[in-house]
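Chemist: My questions all concern the structure below.
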Amino acid sequence: MNQYLIRGGRPLFGEITISGAKNAAVAIIPAALLVDGTCRIENIPQISDVTLLLNILEELGARVRVLNRHAVELDCHAIRSTHPSYDLARRIRASYYLIGALLGRFGEAAVAMPGGCDFGVRPIDQHIKGFCAMGAEVKVESGFIQACAKSGRLTGTSVYLDVVSVGATMNIMMAAVLAKGSTVIENAAKEPHIVDLANFLNSMGADVKGAGTDTIKIRGVDHLAGGSYGIIPDQIEAGTYMAAVAAAGGHVLIKNVIPKHLDCISAKLVEMGVYIEDRGDAVLVRRSGPLQKTNVKTMPYPGFPTDMQPQIAAVLSTAQGTSIVNENVWNSRFKYIDELKRMGANIQADGHVAVIEGVEHLQGAPVQACDLRAGAAMVIAGLCAEGVTELSQVQFIERGYEDLVGKLRAVGADIRVVDAPDIAEQKEAHIG
Ligand code: EPU
Numbered sequence: 018m019n020q021y022l023i024r025g026g027r028p029l030f031g032e033i034t035i036s037g038a039k040n041a042a043v044a045i046i047p048a049a050l051l052v053d054g055t056c057r058i059e060n061i062p063q064i065s066d067v068t069l070l071l072n073i074l075e076e077l078g079a080r081v082r083v084l085n086r087h088a089v090e091l092d093c094h095a096i097r098s099t100h101p102s103y104d105l106a107r108r109i110r111a112s113y114y115l116i117g118a119l120l121g122r123f124g125e126a127a128v129a130m131p132g133g134c135d136f137g138v139r140p141i142d143q144h145i146k147g148f149c150a151m152g153a154e155v156k157v158e159s160g161f162i163q164a165c166a167k168s169g170r171l172t173g174t175s176v177y178l179d180v181v182s183v184g185a186t187m188n189i190m191m192a193a194v195l196a197k198g199s200t201v202i203e204n205a206a207k208e209p210h211i212v213d214l215a216n217f218l219n220s221m222g223a224d225v226k227g228a229g230t231d232t233i234k235i236r237g238v239d240h241l242a243g244g245s246y247g248i249i250p251d252q253i254e255a256g257t258y259m260a261a262v263a264a265a266g267g268h269v270l271i272k273n274v275i276p277k278h279l280d281c282i283s284a285k286l287v288e289m290g291v292y293i294e295d296r297g298d299a300v301l302v303r304r305s306g307p308l309q310k311t312n313v314k315t316m317p318y319p320g321f322p323t324d325m326q327p328q329i330a331a332v333l334s335t336a337q338g339t340s341i342v343n344e345n346v347w348n349s350r351f352k353y354i355d356e357l358k359r360m361g362a363n364i365q366a367d368g369h370v371a372v373i374e375g376v377e378h379l380q381g382a383p384v385q386a387c388d389l390r391a392g393a394a395m396v397i398a399g400l401c402a403e404g405v406t407e408l409s410q411v412q413f414i415e416r417g418y419e420d421l422v423g424k425l426r427a428v429g430a431d432i433r434v435v436d437a438p439d440i441a442e443q444k445e446a447h448i449g
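Each residue of the sequence shown is one higher than the one before, starting from 18 at the first, in the numbering used here.
Written as structure tokens, this is what we have:
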């Protein structure tokens, strides 16, 4: 099992290029099942969640042709099954998108209950409410969600989401593009990846309007013919490297970003004393002076993203003063705090709130990645800590960050991948 060995205390200098958005890719790949033709998808991030989804599509009968490291061609003309294998589907959260896509195109789907990062209860009742409103019968049996359109094809309708849900918005959108008639999703989520999915579907021949607002209108069409599409840059990957520069200090140009998507993150870093400059399709991040405290409340987009909450808390661990972090999207997402405490952070968490008393320095320690973003937070903590941090469970990080170690090494970070049994030897020889 791999670990990351990080020697902290080196500021970061240079350039990092951001990959395609994970949370767009994990929806767009299943959405290709709706297309009765060939679609070419570019700017796909090389992460394990994407590999898993491509394997699932192949198993269902899709022809998957890898064009290069970041582009694939998918031909879902001859899908054989609407029943992905339990073992593959249960490993990933985004497997719930297979339900919307298969149900929308074939009128039926049987998909394992989704897995993914464990930070508490993750209901999908709003997805199911949407499918049922469109005429599906949905039941959970032996670990599978089984969905079937009662009349063979879903029917457009109006769905009001009780909570703003990214997954439910995208899943209902997928189910609706081939439905009979029009569907309206009210109280829809507005994240950049919602707009990206709508743009992908439209480029294949769908009729989706209003994505990025809280009302999305989908006029069902009979057929999606295929086409070519490039995924947007990853907002959270970019935010993670911005946070890394804030924590470690230095001066880094973060390329291939949409700065507008980063406003919610930049605003907080600026409050903390970080210099950020919009360079069109890049942002320059510089931090030389001390970090100042700030307060953060996670909210659906355009609010501060919950997927940046652990990373910003890692940065605030060494800011001057007392910061308060409110988690408003998930019931609980503070498991990583015990790991930060092992490194000397002074944080008290209770329910949705964490109170962070900034300390002068964190110290390297053996810690683990509790989940994807928690793992990113531990990398950030390791980069600014004194001494060596041994980070285990890094497979969580590799689910969602393409070549995190390579990108950080390219800007001067002393981070390397080691085999767990070799760790003592590697520590001795650690020269960056
Ligand atoms: N919710 C419900 N019922 C539902 C769906 C959601 O009550 O049917 C609640 C959730 O419990 C949560 C809130 O609504 O409190 C928001 O959940 P949402 O559905 O938006 O989350 P998701 O679609 O399951 C995606 C991302 C998460 C990210 C959230 C919020 C993917 C695969 N996952 O999850 O990303 O935290 O949106 O932005 O897109 C990550 O990338 O690390 C990650 C966890």
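We put the beta carbon where it would ideally sit given N, CA and C, even for glycine. Quick caveat, the model's predicted, so the values are computed rather than measured.
Given a cut-off of 8 angstroms, decide if residue 263 and residue 241 are closer than it, judged by their beta-carbon atoms.
Modeler: Not closer than 8 angstroms, so no.
Chemist: Classify residue 47: buried if its beta carbon has 16 or more other beta carbons within 10 angstroms, exposed otherwise.
Modeler: That one is buried.
Chemist: Cβ of residue 184 within 7 angstroms of any heavy atom in the ligand EPU?
Modeler: Correct: residue 184 has its Cβ closer than 7 angstroms to the ligand EPU.
Chemist: By Cβ distance, which residues of its chain are closer than 6 angstroms to residue 487, with the 5 residues on each side in sequence left out?
Modeler: The shown model of the chain, from 18 to 449, leaves out residue 487, and the question about it has no answer.
Chemist: Which term fits residue 258, buried or exposed, when burial requires 16 or more other beta carbons within 10 angstroms of its beta carbon?
Modeler: Buried, since its Cβ has 16 or more Cβ neighbours within 10 Å.
Chemist: Go through its chain and collect everything with a Cβ distance to residue 345's Cβ below 7 angstroms, but skip five positions before and after it.
Modeler: The residues are 314, 315, 316 and 369.
Chemist: Which of the three DSSP states is assigned to residue 30 in this structure?
Modeler: The answer is strand: DSSP assigns residue 30 an E or B state.
Chemist: Is the CB-CB distance between residue 333 and residue 373 below 8 angstroms?
Modeler: Closer than 8 angstroms, so yes.
Chemist: What are the start and end residues of the beta strand (DSSP E) that includes residue 226?
Modeler: Element bounds for residue 226: 224 to 226.
Chemist: How is the beta strand (DSSP E) around residue 383 delimited, first residue to last?
Modeler: Element bounds for residue 383: 383 to 385.
Chemist: Specify whether the stretch 23 to 38 and the stretch 249 to 256 touch according to this definition: at least 3 beta carbon pairs, one from each stretch, less than 8 angstroms apart.
Modeler: With a cut-off of 8 angstroms, the stretch 249 to 256 and the stretch 23 to 38 count as touching, because enough Cβ pairs lie within range.
Chemist: Going straight from the alpha carbon of residue 433 to that of residue 60, what length do you get?
Modeler: Rounded to whole angstroms, residue 433 to residue 60 spans 26 angstroms at the Cα level.
Chemist: State the start and end residues of the unbroken alpha helix (DSSP H) segment that holds residue 326.
Modeler: 326 to 333 is the extent of the alpha helix (DSSP H) around residue 326.
Chemist: Just to confirm, is the Cβ distance from residue 42 to residue 91 under 8 angstroms?
Modeler: For residue 42 and residue 91, no; Cβs fall outside 8 angstroms.
Chemist: Measuring straight from C-alpha to C-alpha, what distance separates residue 153 and residue 197?
Modeler: When rounded, the distance between both Cα atoms is 13 angstroms.
Chemist: Expressed to the nearest angstrom, what Euclidean distance is found between the alpha-carbon atoms of residue 125 and residue 436?
Modeler: About 44 angstroms.
Chemist: If we ignore side chains and look at the alpha-carbon of each, how far apart do residue 323 and residue 412 end up?
Modeler: For residue 323 and residue 412, the distance between alpha carbons rounds to 21 angstroms.
Chemist: Could you pull out every residue in the same chain whose Cβ sits closer than 8 angstroms to the Cβ of residue 74, ignoring the five residues on either side in sequence?
Modeler: For residue 74, where only same-chain residues beyond five positions count, the Cβ hits under 8 angstroms are 46, 47, 49, 50, 81, 91 and 93.
Chemist: With DSSP as the reference, label residue 230 as helix, strand or coil.
Modeler: In this structure, residue 230 counts as strand in the three-state DSSP scheme.
Chemist: Can you look up residue 369 in the DSSP assignment and give me helix, strand or coil?
Modeler: Here residue 369 sits in coil by DSSP.
Chemist: Starting from residue 252 and walking both ways along the beta strand (DSSP E), at which residues does that stretch end?
Modeler: Run containing residue 252: none in the beta strand (DSSP E); it sits in the alpha helix (DSSP H), 252 to 265.
Chemist: Among 362, 337 and 330, which has the Cα closest to the Cα of residue 350?
Modeler: Answer by Cα proximity: 330.
Chemist: Could you check where the alpha helix (DSSP H) with residue 321 kicks off and where it finishes?
Modeler: Segment: none, residue 321 is in no alpha helix (DSSP H) and carries neither H nor E.
Chemist: Distance, Cα to Cα, residue 361 vs residue 179?
Modeler: Residue 361 and residue 179: Cα-Cα distance of roughly 40 angstroms.
Chemist: Is it right to say residue 446 is buried, meaning 16 or more other beta carbons lie within 10 angstroms of its own, or is it exposed?
Modeler: Since pLDDT at residue 446 reaches only 43, below the 50 mark, its modelled position is unreliable, and no value is offered.
Chemist: Give me the DSSP bridge partner(s) of residue 200.
Modeler: According to DSSP, which records beta bridges pairwise, residue 200 is partnered with 235.
Chemist: Name the DSSP beta bridge partners of residue 63, please?
Modeler: DSSP output for residue 63 lists no bridge partner at all.
Chemist: Indicate, with yes or no, if the ligand EPU has a heavy atom lying under 7 angstroms from the CB of residue 234.
Modeler: Residue 234 Cβ: outside cutoff for every heavy atom of the ligand EPU.
Chemist: Mind checking whether the beta-carbon of residue 327 lies closer than 7 angstroms to any heavy atom of the ligand EPU?
Modeler: False, no ligand heavy atom lies under 7 angstroms from that Cβ.
Chemist: Quick one: grab the DSSP three-state call for residue 70.
Modeler: Residue 70: helix per DSSP, three-state reduction.
Chemist: When the Cα of residue 301 is compared with those of 335, 274 and 356, which residue comes out closest?
Modeler: With distances taken between Cα atoms, residue 301 lies closest to 274.
Chemist: Restricting to Cα atoms, I'd like to know which of 106, 191, 110 and 183 is closest to residue 148.
Modeler: Answer by Cα proximity: 191.
Chemist: Compute the beta-carbon to beta-carbon distance between residue 325 and residue 308, rounded to the nearest angstrom, for a pair I have assumed lies under 8 angstroms.
Modeler: Not a contact, Cβ separation roughly 16 angstroms.
Chemist: Can you round the beta-carbon distance between residue 408 and residue 23 to whole angstroms, since I take them to be within the 8 angstroms contact cut?
Modeler: Going by Cβ atoms, the distance from residue 408 to residue 23 rounds to 7 angstroms, so yes, they are a contact pair.
Chemist: Taking the beta carbon of residue 250 as the centre, do at least 16 other beta carbons fall within 10 Å, making it buried, or is it exposed?
Modeler: Label assigned to residue 250: buried.
Chemist: What is the DSSP secondary structure of residue 100, counted as helix, strand or coil?
Modeler: In the structure shown, residue 100 sits in coil (DSSP, three-state: anything other than H, G, I, E or B).
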